[in-house]
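Structure first, then comments.
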Amino acid sequence: MKNKQWTIDQIEDWIKDTDNHSNQLSESQAFLLIKQLEQEKQPSEKNKELRSLIYTKLVEKRWSESHRLDTLSKSWMEQAIQLDGQNIEIKKYQLEKILEACLEFDDFPEQLPVIRETDHSSTKKERAEQYYHLAEQFFQNLEKLEVVYRDLQNHFNVIEHDSRTEEMKKLVELYKQFEEPFLLISKATREYAKSISGIYYSAEQLKQIKEATNQIEQLSQEWKERLLQLTDQTENTSALEQLNDMIGLAPIKKRIHKLYQYLQYQKKRTELGFRTRDAMSLHMIFIGNPGTGKTSLARLMAKIYYELGLLEHETVLEVDRSQLVGAYVGQTEEQTMRAIEKANGGVLFIDEAYSLKRTGADNNDFGQTVIDTLVSAMTNEKLANTFAVILAGYPEEMNLFLRSNPGLRSRFPEQNLLLLEDYSMSELLKIGESVAKENDFILTEAGLTALKERIERAQVDDSFGNARTVKNIVLDAIFEKGSSQQSEELGTSAYILLDEEDFLPKKTENEDKEALVELQSLIGLENVKKEIKKMTAYIQVQQLRRQHHMKTNPITVHTIFTGASGTGKTTVASLYAKALKEIGLLKRGHLVVASRADLVAGYTGQTARKTKEKIKDALGGVLFIDEAYSLYSEGRGDFGKEAMATLLQEMSIHQENIVVILAGYEEEMQQLLSSNPGIRSRFSKEIDFPSYNRSELLAIIEKQINDLGYKLSEKASSLLVKLIPETGHSGNGRFATNLVQKIIQAQAERLVEESEMSKEDLMMVKEEDLQAVSEAV
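Taking the working numbering, the leading residue of the sequence shown gets 14, the next gets one more, and so forth.
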């Protein structure tokens with residue numbers, strides 16, 4: 014659709030096809046058609062008419078979804094009217110716009126304050142001031158309504174067939190009838206306030222005020238009745254309706270509907286006089302990964318409890334460990350009780366509840382005191398059933414926390430423990446579209462595909478933020494769009510559509526290069542290049558076979574790199590990670606380099622945790638463990654074996670979500686492989702990195718010098734050859750890099766001693782620069 018140009022006839026047919034299916038209209042497709050029509054330099058009347066009709070279809074789609082006019086809908090209405098002043102269909106929605114404006118003025122008090130003859134003078138003055146401010150507010154609204162009234166008059170000729178048109182006329186005229194009594198009140202209250210002195214006041218002005226207030230109250234009642242007739246909108250949406258409108262959470266919705274029905278049933282029994290000695294607990298536990306809606310659900314539960322009359326209000330007090338746990342004896346009880354008292358009548362929501370009692374915490378940690386104080390309040394005769402406690406947190410941590418606190422767990426019935434599952438991809442995409450819609454943006458089809466790609470990249474471990482992550486991705490795309498716009502003369506779509514490039518910005522020149530192309534550009538390593546190319550080709554084909562539901566062979570991704578220092582193992586590992594991302598095996602394609610110090614701890618129990626943390630960092634990419642044989646030791650008390658055992662276990666758990674490369678010298682690596690059959694079975698592929706010879710080191714040095722913006726003189730080139738041993742150097746590529754840095758530094762030292770330096774001088778590396786470093790080689 015993005016690259017397709019439609020003819021006028023095709024666009025007309027598309028509009029006709031959507032006449033009876035406006036709710037199935039693709040907003041992004043509509044805007045692509047508008048964008049195409051906007052490109053016409055001198056648009057014809059037909060062009061304008063078609064754009065007006067498409068905007069009308071967009072308004073109809075939004076109206077069918079929510080029965081309200083949001084900011085975008087109102088904007089589209091204006092666009093449609095500007096393009097075609099005779100568009101009758103769009104003008105029908107002007108009534109809805111005017112009605113919404115009238116609803117904004119529905120703020121008359123049920124009963125105006127009364128001024129009694131027996132009131133004290135200060136009270137009379139206070140009441141008079143209240144009347145005066147009411148009158149001021151009315152005249153401000155009246156000015157706004159005048160605009161609405163003119164708007165309505167402009168469209169009477171095309172919307173007379175709507176049954177509500179006459180009612181709308183009467184409604185606006187009714188509002189204008191408030192003008193006379195409010196004018197009288199405005200004048201009379203000001204003079205009345207001045208006339209009050211002790212027990213004296215103007216009886217005539219008081220009489221005028223009373224007559225005016227009676228008239229306003231009568232008009233107010235009629236105004237409310239007419240509004241009710243014109244709209245079927247409800248002032249408040251129930252908590253269950255809000256829950257149903259939430260994306261996903263099907264099991265949770267089913268459970269809460271059953272809970273709601275049960276609570277209604279119990280409430281009805283109580284009203285009939287039946288006794289419920291053991292009332293159901295209102296306390297709940299929400300367990301779920303980040304961004305699964307725990308906080309939003311807590312707020313809805315508070316509203317449900319309030320609507321059922323089980324709680325005095327729907328307020329939710331959100332707290333965490335820092336607001337409950339004190340620094341000294343006695344402070345924790347005070348802070349916890351203060352929070353309970355503040356939440357009384359509503360809900361006390363404790364997020365990341367497991368942080369109250371930390372594993373391995375010493376006796377100075379007062380988290381357990383919070384739990385004890387909380388349990389005591391939940392069972393206290395005075396406080397029980399006057400507030401609800403909702404605990405929330407991540408699955409693994411919450412399960413451990415509840416197992417270690419049976420007294421707390423027993424206060425929450427099984428049916429009140431809710432597990433909020435991760436959102437599916439389709440649900441996450443709907444959330445993304447919803448976030449865009451809330452910010453008056455629309456996702457194109459290509460934008461939706463790009464959003465899916467961004468989500469997949471983020472779904473590498475259990476820290477994925479679900480709805481929270483999706484919201485951040487969409488907001489990031491909005492920022493990318495706004496920050497990349499250059500021209501001030503942009504079409505409408507530039508301010509509304511989120512496209513592929515907004516989610517996946519253009520890569521830099523180096524990022525654009527394919528990994529295997531970069532690999533081929535490396536000097537030497539011919540056998541390594543062949544092996545990497547062979548491996549990636551095999552993996553790619555197996556993936557394609559899997560997509561076509563064909564038989565596949567096991568994919569070998571974990572690899573052993575053997576070779577001396579500086580032979581390019583880390584560089585190739587980085588390109589290997591990038592290549593696996595390009596063919597879709599890895600989601601991130603990053604490289605995490607680790608050594609023994611990053612994996613092994615100094616005491617029991619910490620090595621496994623440390624190793625898992627490093628693995629978590631590498632999920633979606635490649636974990637490169639240099640000098641991996643250092644993890645193996647025959648001595649007792651060495652935790653290297655624990656690190657290796659943990660590594661092998663995690664590799665089985667995460668499978669194709671991580672690639673591990675073990676690297677080191679050939680002989681030592683063979684000893685490692687022989688020490689544990691499990692290692693050899695998982696690392697069946699081995700690639701040897703040969704040391705560089707003289708010509709390869711020369712090529713590496715010359716390339717680095719050129720890449721840095723320098724060039725060698727002929728004499729310098731000749732001397733460079735002599736500086737490198739014929740058999741190469743044990744430092745390999747590292748030796749080449751270090752030598753280049755020394756040469757550049759020597760050139761800089763020579764140049765600062767010269768009086769003048771041309772651009773050519775700054776670039777040229779001479780023979781004396783190499784002589785200066787020859788002794789260090």
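In this text, a Cβ means the ideal position worked out from N, Cα and C, and glycines have one as well.
| Item | Value |
| --- | --- |
| Could you tell me which whole alpha helix (DSSP H) segments of length 4 or greater appear in the segment 253-323? | 263-284 and 307-320 |
| Would you call the CB atoms of arginine 609 and serine 643 closer than 9 angstroms? | yes |
| For proline 703, which of Gln758, Arg351, Leu276 and Ile536 has the nearest alpha-carbon? | Ile536 |
| Going by DSSP in three states, phenylalanine 748 sits in which element: helix, strand or coil? | helix |
| Within 10 angstroms of its Cβ, does proline 194 collect 16 or more other Cβ (buried), or is it exposed? | buried |
| Can you name the start and end residues of the alpha helix (DSSP H) that lysine 627 belongs to? | 619-631 |
| State the start and end residues of the unbroken alpha helix (DSSP H) segment that holds threonine 349. | 344-356 |
| Run through the segment 452-531 for me and flag every whole alpha helix (DSSP H) of 4 or more residues, listed as ranges in chain order. | 458-471, 479-497, 513-516 and 522-525 |
| Is glutamine 348 buried or exposed, if buried means 16 or more other CB atoms sit within 10 Å of its CB? | buried |
| How should arginine 64 be labelled, buried or exposed, when 16 other C-beta atoms within 10 angstroms of its C-beta is the threshold for buried? | buried |
| Given that a residue counts as buried once 16 or more other Cβ atoms are within 10 Å of its Cβ, and exposed if not, what is histidine 270? | exposed |
| Counting only the same chain and skipping the five closest in sequence on each side, list residues whose C-beta sits under 6 angstroms from that of aspartate 453. | Thr84 and Leu85 |
| How about arginine 707 and glutamate 663: do their beta carbons lie closer than 9 angstroms? | no |
| Would you list, in sequence order, the uninterrupted beta strand (DSSP E) runs of no fewer than 3 residues that lie entirely inside the segment 644-715? | 672-677 and 698-702 |
| Cβ of leucine 732 within 9 angstroms of Cβ of glutamate 780? | yes |
| For leucine 6, which of Ala592, Val613 and Gly597 has the nearest alpha-carbon? | An answer regarding residue 6 cannot be provided, because it is not within the stretch 14 to 790 covered by the chain. |
| I need the straight-line Cα distance from isoleucine 757 to tyrosine 723, nearest angstrom please. | 9 angstroms |
| Assuming phenylalanine 574 is part of the beta strand (DSSP E), what are its boundary residues? | 572-576 |
| Are the segment 572-581 and the segment 606-626 touching by the rule of at least three beta carbon pairs closer than 8 angstroms? | no |
| Counting pairs of beta carbons, one from the segment 429-448 and one from the segment 479-498, are three or more of them closer than 8 angstroms? | yes |
| Grouping DSSP H, G and I as helix and E and B as strand, with all else coil, what is arginine 401? | Correcting the residue type first, residue 401 is alanine in the shown sequence and not arginine. Looking at alanine 401 - three-state DSSP - the assignment turns out to be strand. |
| Out of Thr659, Leu232 and Arg601, which has the shortest C-alpha to C-alpha gap to alanine 621? | Thr659 |
| Buried or exposed, going by whether 16 or more other CB atoms sit within 10 Å of the CB of phenylalanine 6? | Outside the shown range of the chain (14 to 790) lies residue 6, about which nothing can therefore be said. |
| Asparagine 566 and glutamine 553: beta carbons closer than 9 angstroms? | no |
| My assumption, with CB atoms under 8 angstroms, is that glycine 677 sits in contact with tyrosine 705. Please give the rounded CB distance. | Glycine 677 to tyrosine 705, Cβ: 18 angstroms. No contact. |
| Determine which residues share a DSSP beta bridge with glutamate 331 and list them. | Phe362 |
| Identify the residues that DSSP records as bridge partners of alanine 607: which are they? | Ile638 |
| Across the segment 336-352 and the segment 380-397, are there enough close Cβ pairs to call them in contact, namely three or more that are closer than 8 angstroms? | yes |
| Is there at least one Cβ from chain C nearer than 9 angstroms to leucine 510's Cβ? | The chain inventory of the structure shown lacks chain C, comprising one protein chain alone. |
| With 16 as the cutoff for other CB atoms within 10 Å, does threonine 20 come out buried or exposed? | exposed |
| For a minimum of 3 consecutive residues, which ranges assigned as the beta strand (DSSP E) are wholly contained in the segment 412-452? | 430-433 |
| With hydrogens ignored, establish whether the beta-carbon of arginine 81 is closer than 8 angstroms to any heavy atom of the ligand SAH. | Annotation note on the ligand SAH: not contained in the displayed structure, which lists no ligands. |
| Would the beta-carbon of leucine 369 fall within 9 angstroms of that of arginine 334? | yes |
| Identify the continuous alpha helix (DSSP H) that holds aspartate 30 and give its terminal residues. | 21-30 |
| Which of helix, strand or coil does DSSP assign to methionine 776? | helix |
| Which two residues bound the contiguous alpha helix (DSSP H) that contains glutamate 544? | 539-560 |
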